[in-house]
Amino acid sequence: MTIKPGIFECFSLARKDEEKGKKHKGLLFVGKDDKKAEKYIQKAKINLQLCEVYKKQRMDYKIPEEWFYSQYYCALAILAKFGVESRSQKCTALFLRYVKDKRLINYDEFIDRIMVYKEKEEKTDVDEREDARYGSSVQSEEIIGKYEFMMDVCRRCISACEEIVFSDKEFNVPEELLK
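Heads up: the sequence shown begins at 970 in my numbering, then just goes up one per residue.
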């Protein structure tokens, strides 16, 4: 398997930024942190609780953001399990895709949901979050219409994340990414 330039750059540029004393905007190996991973899972669960609050208050525009971040915190939990710090949504998704393609994790469906695409026709939960957050509507029948579906997606995402984070398996960053 060849290294996708994007994932390689996420690590190399972050290392260069850190060496220059700058905050990186990529991926950095910082050492495994199971406690941090568990805290991210808790944060993901809290986001789902917030969805219920926002739904009751009919603050629908806030719900897609909570769905997205529930999934994103799961992604960060998995990165913490590998010992990787991320400061980029794109790099987070690229790392998950890479370790999934290497068969180090089983986490397929949820990676595409947090991907950031430049092409207009490719919409993900990132776009849904931005549309709701920056749009003018507070209430949305479209959001309420897919509420149960998205809550189920997020619950399954958390469950899949927990299987990885609470696993006894050792998760290591592939060597080729650390060069």
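Quick reminder that beta carbons are idealized off the backbone N, C-alpha and C, glycines included.
Remember, it's a predicted structure, so these values are computed and weren't measured experimentally.
Query                                                                                                                                           : Result
Between E1035, F1037, A1062, G990, which has its C-alpha nearest L1048's C-alpha?                                                               : A1062
Of all the options R1066, R1082, I1083, which has the alpha carbon lying nearest to the alpha carbon of N1075?                                  : R1066
Taking 8 Å as the threshold, find out whether the region 1040-1059 comes into contact with the region 1006-1016 through three or more Cβ pairs. : yes
Just checking, does the region 1096-1113 make contact with the region 997-1012 on the three C-beta pairs under 8 Å criterion?                   : no
Just how far apart, CA to CA, sit A1101 and P1033?                                                                                              : 7 Å
For D1029 versus Y1023, is the C-beta distance shorter than 8 Å?                                                                                : yes
Can you check which of these residues, L1017, V1068, Y1041, Q1026, is closest to N1141 by C-alpha distance?                                     : V1068
Given this structure, state the Cα-to-Cα distance separating V1053 from R1027, to the nearest angstrom.                                         : 37 Å
Establish whether the CB of Q1018 and some CB of chain C are separated by less than 8 Å.                                                        : Chain labels in this structure do not include chain C; a single protein chain is all it has.
Taking DSSP as the reference, what is the three-state secondary structure of V1053?                                                             : strand
Please tell me whether I976 and F1064 are closer than 8 Å, where the distance is taken between their beta carbons.                              : yes
Taking DSSP as the reference, what is the three-state secondary structure of T971?                                                              : Caution is warranted here: a pLDDT of 49 is assigned to T971, below 50, making its placement in the model unreliable, and the coordinate value is therefore given only provisionally. Coil at T971, not helix or strand.
How big is the Cα-Cα spacing for K1059 and D1081?                                                                                               : 11 Å
What separation, rounded to the nearest whole angstrom, lies between the Cα atoms of C1123 and E987?                                            : 33 Å
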